[in-house]
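Notes to accompany the following structure.
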Amino acid sequence: MEERFIENSFPVKEISEISAKEKNIRHGHISTLHIWWARRPLASSRATAYAALIPAADDPIQWDKTRQFIIELSKWENSLNPSIIEKARRDILNANGGRPPRVLDPFSGGGSIPLEALRLGCETHAAEYNPVAVLILKCTLEYPQKYGKIVKVKNKVGLAEIDAQANLLVEDVKKWGNWVLKEAEKEIGQFYPKDENGEIPVGYIWSRTVPCQNPACNAEIPLMRQYWLAKKDRKKVSLYPYVEGKEVKFKIVGDGYEQMPKGFDPEKGTVSRAVVVCPVCGSVIDDKTTRKLFQQGKAGQKMVAIVLNSKSGKKYRIATRKDLETYQEAEKYLREKREKLMDEWLLDPVPDEELPPKETLGFRVQRYGMAKWGDLFNSRQKLALITFVEKVRLAYKRMLEEGYDKDYAKAVVSYLALGVSRTSDFASNLCRWHPQWEFIPNTFARQALPMSWDYAELNLFSPILAGTFESMLNQVKRVIEEVSKVGSNYATTMQSSATSLPYPDNYFDAVFTDPPYYDNVPYSYISDFFYVWLKRSIGDLYPELFVTPLTPKAKEIVAYSHTHGGLEAGKKYFEEMLKKAFQEMYRVLKPNGIVTIVYGHKSTSGWETLINSLLDSELVVTASWPIDTEMKARLRAKESAALASSIYLVCRKIERKDIGWFSELKQEIKDYLSEKLERLWQEGVSGADFFISAIGASIEIFGRYKKVMDFEGNEIATSRLLEYVREVVTDYAVKQILHNGIASELSALTRFYILWRWTYGESKVEFDDARKLAQSTGIDIEKEWNKGFIRKVKEFIEVLGPHERKLEELENSSELIDVLHRVLICWKEGRKDEMKKVLAETGYGTKDVFYKVAQAISETLGNESKEKRLLDGFLTGKDSLIEEIKGGGQGRLFA
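Take 1 as the starting number for the sequence shown in UniProt numbering and just add one per residue.
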């Protein structure tokens with residue numbers, strides 16, 4: 001079996017840098033076609049596919065040339081470079097006997113991996129279980145290549161017409177998108193009127209309300225999490241609440257308005273975590289009562305302010321009676337239109353499908369009386385969306401009447417439907433006004449549906465704000481333009497479960513895929529947000545995709561959907577289904593074929609399920625590479641640990657040996673990891689990514705065997721193998737962090753503290769992962785938490801810094817970290833004599849190990865860290881402090 005380049009080498013550092021930067025690219029990137037979660041970067045997808053389809057280099061010169069070419073190939077600006085792409089295609093054809101390799105992605109998602117296989121000239125097959133994703137795939141991998149032909153058009157330049165070239169599909173999407181927009185505005189534009197001075201409202205700020213529960217008050221309380229409208233360096237504008245009688249009113253204060261009152265803090269609203277304070281009488285409504293009021297239908301809403309577009313930027317005014325009357329007219333028109341369309345369509349045009357159970361990951365709105373998907377939109381939003389949906393349906397009929405080919409018309413309106421679906425993301429009553437940007441972010445700013453007390457409603461005919469149908473359609477057109485240039489060959493796209501693929505044995509040359517990550521994102525549930533609108537706009541054109549009330553979930557390979565028997569049952573289901581998917585990949589793969597699997601779950605339990613599934617499938621890992629796929633700005637700091645890297649596992653159909661003996665494998669793993677870890681360290685891989693990368697590398701060793709046994713005849717579980725891997729990595733990492741030499745002098749607790757800061761920084765971490773990290777350093781975390789710097793908070797573990805601890809708790813401890821924290825607190829508070837006394841009495845003041853540990857911890861933390869600032873400040877005077885302690889006596893120092 002010929003070795004492929006990716007099995008021998010890969011430019012990890014360079015591809016990581018390019019992949020991470022790609023997240024900033026918007027113009028024409030497929031991520032702007034429609035929201036889909038956890039798309040792989042195109043750069044890493046293209047680079048790994050190419051490296052997996054060409055042979056390994058014969059000599060160092062060829063190796064370096066290939067490596068440099070892969071780096072150039074992965075760059076965004078080269079994605080349509082004819083000379084580079086043609087060379088890549090030739091190389092792949094030559095490696096495959098002159099025939100395009102047949103490639104499958106059974107978990108295609110948003111389409112990054114199959115798009116790059118298509119770009120590289122492969123015969124590409126993209127399968128996906130979720131119908132929303134299947135539609136996105138068709139609009140990414142099929143329609144642009146099939147219909148995006150260049151045609152001659154007449155363009156007007158002044159009064160003259162000149163011949164030009166244009167993309168036929170783009171032109172028709174533009175033409176019919178404009179038709180939909182104009183027809184919708186003609187019908188409902190009246191409900192978004194301009195001000196008398198001609199200024200256009202671009203947004204409406206709403207507050208939900210509840211009645212005060214004090215019987216003597218009973219005021220309508222506006223629920224505002226904060227009052228800022230504009231919060232910029234040179235522009236501070238806020239709503240200011242004031243009470244007249246028993247009514248809460250608002251005025252606008254700040255730059256360009258009435259002066260902001262002294263003592264007023266716009267950060268402090270009326271509600272926090274569902275606990276409400278009445279501005280009229282000061283009484284408090286607890287969180288349970290707040291939810292109960294919503295569930296009983298006693299909550300309401302109030303239009304508070306209007307955002308206007310003016311020549312000088314955004315302006316604000318308080319909502320008037322006329323604004324409210326216009327909204328009420330829209331409500332009345334919605335009732336009439338809803339009834340009319342229900343008779344025509346034989347289904348409610350407003351999504352009446354049930355929201356998922358409230359326990360579903362990230363869903364909180366059900367606790368506030370929102371039971372159906374339509375409840376996530378206010379009346380004017382519903383009216384706008386069903387009107388756009390109606391116009392898309394009418395556009396398809398008009399196209400057929402004008403003689404368009406039926407399949408082509410279906411393709412065109414599919415993009416219009418995606419435009420409406422994308423618009424719905426910016427048109428829900430969960431969208432908030434962002435005062436730093438003076439902008440309305442989308443509903444899915446993160447993969448959840450949390451409650452929004454106050455919300456911002458977008459004028460969907462606004463000329464300037466993103467989120468309107470027009471702006472969404474412009475992004476859709478750019479994507480069509482871009483992916484049409486990939487080539488005339490299009491992919492085979494289908495809805496299929498990865499556990500039962502409709503292909504014969506030994507059919508594919510390669511399988512490149514990104515399987516689901518245990519319990520990371522509830523794709524099926526959150527995609528229902530879009531499914532309900534797509535079903536109403538183009539469901540009749542895709543009966544095979546939109547036959548069910550909501551997205552199918554029975555065969556979705558995730559843990560969270562199948563936890564009726566508890567978390568262990570969910571984990572077991574995920575592991576079993578993932579194993580079946582891997583077995584299917586094995587079945588359809590040719591004997592000499594290759595597989596790359598992308599995995600990026602941060603928890604060890606997630607990795608254990610992957611490894612168990614992979615080992616049971618008979619696929620053998622031959623290489624693994626960590627590739628940075630996230631922007632550093634997106635990685636969460638204090639809240640929870642996050643991975644920057646995804647691990648690309650390379651697998652083959654290789655006959656596995658029956659038994660590997662653990663005692664022998666341990667040395668083999670240690671030897672192999674020492675070489676691999678050195679490479680990863682040089683590549684700049686660190687923290688949690690370093691551990692996960694080591695796990696990937698270790699599978700290459702123990703995955704060669706059907707079973708790993710000890711000499712007593714016991715089979716070694718994956719969890720035990722991973723424990724050993726962690727021990728090896730821990731030992732290596734601590735030595736590297738401390739620049740060697742003193743690691744053996746440290747206590748287990750100190751080693752744990754240093755390793756935690758390097759691995760997780762100041763984040764909180766799930767208990768199981770914290771336990772495993774502690775175990776690798778030789779401590780039992782359950783015996784240590786809530787005694788010193790280790791704290792257990794619900795299901796999480798956090799490690800406290802010196803600024804989070806109290807001096808009196810540290811006085812009797814001789815543990816190095818406790819002494820360091822005590823010294824840093826004294827330094828911060830200016831208690832220099834006490835600090836010197838502690839250093840002298842504990843003996844750490846003249847020990848090099850103490851200062852090296854302090855320096856090592858500082859180097860693991862970011863510049864924004866309070867702990868780092870304390871450490872760096874203390875270490876600045878290190879040399880003179882050591883001399884003073886060495887030279888002074890107890891009497892002189894502490895007299």
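Glycine included, every Cβ here is placed at the ideal spot set by N, Cα and C.
Put residue i into one of helix, strand or coil per three-state DSSP.
i      : result
ASP710 : coil
ALA290 : The amino acid occupying residue 290 in the given sequence is Thr; Ala does not appear at that position. DSSP places THR290 in helix when its eight states are reduced to three.
THR209 : strand
TRP758 : helix
THR387 : helix
PHE752 : helix
LEU104 : strand
VAL558 : coil
ASP352 : coil
ALA895 : Its pLDDT being 29, under 50, ALA895 is placed unreliably in this model, and the value from its coordinates should be taken loosely. Reduced to three states, the DSSP call for ALA895 is coil.
GLY660 : strand
GLU668 : helix
GLY254 : strand
SER462 : coil
ALA569 : helix
GLN165 : strand
VAL486 : coil
ASN592 : strand
LEU33  : coil
TYR648 : strand
Buried or exposed: which applies to residue i, given that a residue is buried once 16 or more other Cβ atoms fall within 10 Å of its Cβ?
i      : result
THR320 : exposed
ASP540 : exposed
ASN429 : buried
TYR242 : exposed
GLN436 : exposed
LEU614 : buried
PHE512 : buried
SER776 : buried
VAL12  : buried
ALA184 : buried
LYS298 : exposed
On the DSSP bridge list, what partners appear for residue i?
i      : result
ILE306 : TYR204, ARG317
HIS125 : LEU104, THR492
PRO193 : Answer is none; PRO193 lacks a bridge partner.
THR513 : ILE597
ALA230 : VAL237
LYS249 : TYR242
GLY300 : THR209
Starting from residue i, trace the alpha helix (DSSP H) in both directions and tell me its first and last residue.
i      : result
GLY887 : 878-887
ALA51  : 42-53
GLY687 : 687-702
ARG422 : 406-425
SER624 : Note, SER624: premise wrong, no alpha helix (DSSP H); beta strand (DSSP E) at 620-628.
VAL853 : 848-860
THR443 : Here THR443 belongs to no alpha helix (DSSP H), and DSSP marks it neither H nor E.
ASP725 : The question names Asp, yet the displayed sequence has Val at residue 725. Where VAL725 is concerned, the enclosing alpha helix (DSSP H) stretches over 718-737.
PHE69  : 60-74
PHE796 : Careful: PHE796 lies outside any alpha helix (DSSP H), inside the beta strand (DSSP E) at 796-799.
Which first and last residues belong to the beta strand (DSSP E) in which residue i is found?
i      : result
GLN495 : 492-495
VAL237 : 235-244
LEU458 : 454-458
TYR507 : Careful: TYR507 lies outside any beta strand (DSSP E) and carries neither H nor E.
LYS23  : Here LYS23 belongs to no beta strand (DSSP E), and DSSP marks it neither H nor E.
VAL547 : Where VAL547 is concerned, there is no enclosing beta strand (DSSP E), given that its DSSP letter is neither H nor E.
ILE790 : 790-793
GLU220 : 220-223
Should the stretch 122-134 be regarded as contacting the stretch 59-72, the criterion being three or more beta carbon pairs within less than 8 Å?
-> no
At least three beta-carbon pairs within less than 8 Å, the stretch 616-626 to the stretch 648-661 = yes
Say whether the stretch 469-480 touches the stretch 165-181, bearing in mind that this needs 3 or more beta-carbon pairs closer than 8 Å, one atom from each stretch.
-> yes
Could you tell me whether the stretch 271-283 touches the stretch 203-213, where touching means 3 or more Cβ pairs closer than 8 Å?
-> yes
Count the C-beta pairs between the stretch 855-874 and the stretch 745-757 that are closer than 8 Å, then say yes if the count reaches three, no if not.
-> yes
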